[in-house]
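A short worksheet on the structure shown next.
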Amino acid sequence: MLHTVNKSPFEHKALEACLKFARQGSAVLLIEDGVYAAARDTAVSQQVQEALKSVSIYALKPDVEARGMQDRVMDGVRLVDYGGFVDLVAEHNAVQSWL
Amino acid sequence: MKFGILVNEGPYTHEASDTAYQFVKAALAKGHDIYRVFFYHDGVNNGTRLTVPPQDERNVVKRWSELAAQHKLDLVLCIAAAQRRGLMDAAEAKRNGKDADNLAPGFRISGLGQLIEAGIQADRLVVFGD
Amino acid sequence: MTEEDAGGVAKRFLYVNRRAPYGTIYALESLEVVLIGAAFEQDVSLAFLGDGVYQLTKGQDTKGLAMKNFSPTFRALEDYDVTKLYVEQEALQARGLSEADLVVAVEVVSAERMAEIMEAQDVILSF
Chain A
14 MLHTVNKSPF EHKALEACLK FARQGSAVLL IEDGVYAAAR DTAVSQQVQE
64 ALKSVSIYAL KPDVEARGMQ DRVMDGVRLV DYGGFVDLVA EHNAVQSWL
Chain B
274 MKFGILVNEG PYTHEASDTA YQFVKAALAK GHDIYRVFFY HDGVNNGTRL
324 TVPPQDERNV VKRWSELAAQ HKLDLVLCIA AAQRRGLMDA AEAKRNGKDA
374 DNLAPGFRIS GLGQLIEAGI QADRLVVFGD
Chain C
5 MTEEDAGGVA KRFLYVNRRA PYGTIYALES LEVVLIGAAF EQDVSLAFLG
55 DGVYQLTKGQ DTKGLAMKNF SPTFRALEDY DVTKLYVEQE ALQARGLSEA
105 DLVVAVEVVS AERMAEIMEA QDVILSF
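Line by line, the protein sequences give chains A, B and C.
The first sequence begins at 14 in my numbering and counts up by one.
The second sequence begins at 274 in my numbering and counts up by one.
The third sequence begins at 5 in my numbering and counts up by one.
Spelled out as structure tokens, the structure:
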């Protein structure tokens with residue numbers, strides 16, 4: 014399953030909820046304000062690093078760049094463009110959007 | 274692959290409509306099909322032709338209309354959500370005794386069944402919202 | 005094509021509810037999708053996570069808000085053959101609620117079980 018998260022992890026529970034329910038081997042794509050979770054050295058970085066052990070985590074590049082986060086993305090989080098987003102959807106059996 | 278798209282928020286206030294639009298464009302560029310783009314909740318506000326965004330800003334409604342024309346997309350506003358929020362086509366306006374209609378080109382108004390049908394017929398359904 | 009024969013094999017549809025009622029319209033409008041969707045004879049489940057569990061609590065009296073109390077509709081879902089209502093155990097506990105506080109019979113599940121249910125779905129609708 015592909016999960017998308019579009020909320021900042023500091024103000025919302027969407028990422029926390031997503032990671033609670035995402036099974037081993039799923040993919041999580043951070044989009045819109047959700048990309049803030051991809052940043053190094055934040056209050057949630059450890060949780061995200063931990064999650065990388067069981068799920069793949071991606072961030073939508075245009076959203077990362079719009080927010081000036083491009084030099085702060087943690088290792089292990091892969092950046093994709095909208096084409097990559099489309100590929101992720103096609104590659105997984107279903108998509109769950111954590112709004 | 275056939276994609277069904279659900280847009281739950283209106284233009285500008287949330288990024289949902291933007292992300293959905295860029296996703297649809299990218300999917301089409303890759304040769305995929307868009308079965309339907311269904312607009313629900315405040316998403317129906319993407320279908321009003323009365324927006325006049327600042328000249329130097331993207332025109333969210335217009336570019337949906339243009340993409341629809343270019344690729345023969347089926348853009349559908351949910352009738353129940355549209356009625357609540359004042360989106361009308363000419364027939365609806367007449368039926369409801371309203372003195373105006375405001376539906377943008379390329380959009381049509383229909384029932385929630387169209388969303389379910391998209392879920393059934395498409396290979397993937399992607400939801401964009403708040 | 006009539007609504008009833010819109011497809012071949014039934015797909016598994018999951019409606020994910022994470023929002024409380026009345027503060028926003030998502031709860032009400034998502035229920036409207038469930039009701040319309042029932043006519044399509046797909047394999048439907050509803051999941052209530054986080055604040056979504058508040059949609060199911062007893063004793064909702066909305067007169068003061070001049071809004072419709074739509075919680076009784078959850079009891080009517082059975083008549084539409086929508087019987088799989090899953091409620092996140094942790095969400096109930098965190099809110100000091102138990103199954104006895106809910107208007108309709110549900111299956112209270114652990115996060116692990118809920119994750120399993122989600123993974124098995126074909127179409128997931130979030131509102």
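Think of the CB as a built atom: it goes at the ideal place given N, C-alpha and C, for glycine as much as any other residue.
- Between residue 293 (chain B) and residue 401 (chain B), the CB-CB gap stays under 7 Å.
- Separation of residue 359 (chain B) and residue 351 (chain B) (C-alpha to C-alpha, rounded to the nearest whole angstrom) is 12 Å.
- Looking at the backbone, the Cα of residue 84 (chain A) and that of residue 380 (chain B) are separated by about 40 Å.
- Under the three-state reduction of DSSP output, residue 292 (chain B) falls in the helix class.
- Under the 7 Å criterion on CB atoms, residue 287 (chain B) is classed as non-interfacial with respect to chain C.
- Under the three-state reduction of DSSP, residue 375 (chain B) is assigned to coil, being neither helix nor strand.
- For residue 392 (chain B), the enclosing alpha helix (DSSP H) stretches over residues 386–394.
- Only those residues of the stretch 28–43 of chain C whose C-beta falls short of 8 Å from the nearest C-beta of chain B are listed: 29, 30, 33, 36, 37, 40, 41 and 43.
- For the stretch 86–111 of chain A, the set of positions with a beta-carbon nearer than 9 Å to some beta-carbon of chain B reads 94, 95, 96, 97, 98, 99, 100, 102, 103, 105, 106, 107, 108, 109 and 110 in chain order.
- With a cut-off of 8 Å on Cβ pairs, the stretch 386–394 of chain B is not in contact with the stretch 91–98 of chain C, counting fewer than three such pairs.
- By the neighbour-count criterion, in which a residue is buried when 16 or more other Cβ atoms sit within 10 angstroms of its Cβ, residue 372 (chain B) is exposed.
- Taking C-beta atoms under 8 Å as the contact rule, residue 50 (chain A) and residue 61 (chain A) qualify, at a distance of about 6 Å.
- Following the DSSP letters along the chain, one finds residue 330 (chain B) in no beta strand (DSSP E), marked with neither H nor E.
- Within the same chain, Cβ atoms closer than 6 Å to the Cβ of residue 110 (chain C) are found at 89 and 91, the five residues on either side in sequence being excluded.
- Counting along the chain, no beta strand (DSSP E) covers residue 33 (chain C); the unbroken alpha helix (DSSP H) around it starts and ends at 30–41.
- Beta-bridge analysis with DSSP links residue 111 (chain A) to A:18.
- Inclusion of residue 382 (chain B) and residue 346 (chain B) in the CB contact set at 7 Å is not warranted, their separation being larger than that value.
- In terms of Cβ geometry, residue 16 (chain C) and residue 54 (chain C) do not form a close pair [threshold 7 Å].
- Contact with chain C is found for residue 33 (chain A), since one of that chain's Cβ atoms lies less than 7 Å from the residue's Cβ.
- In the three-state reduction of the DSSP assignment, residue 275 (chain B) falls in the strand class.
- Per DSSP, reduced to three states, the secondary structure at residue 49 (chain C) is strand.
- CA-CA distance, residue 19 (chain C) to residue 56 (chain A), rounds to 31 Å.
- Residue burial is scored here from C-beta neighbours: residue 334 (chain B) has at least 16 other C-beta atoms within 10 angstroms and is therefore classed as buried.
- Across the set A:112, A:66, A:65 and A:46, the C-alpha of A:46 shows the shortest separation from the C-alpha of residue 77 (chain A).
- In the assembly as shown, residue 17 (chain A) is a buried residue. Its beta-carbon has 16 or more other beta-carbons within 10 Å.
- Shown here for residue 319 (chain B): same chain residues with a beta carbon closer than 7 Å to its own, the five before and five after excluded, namely 280, 283, 284, 290, 312, 333, 334 and 337 in chain order.
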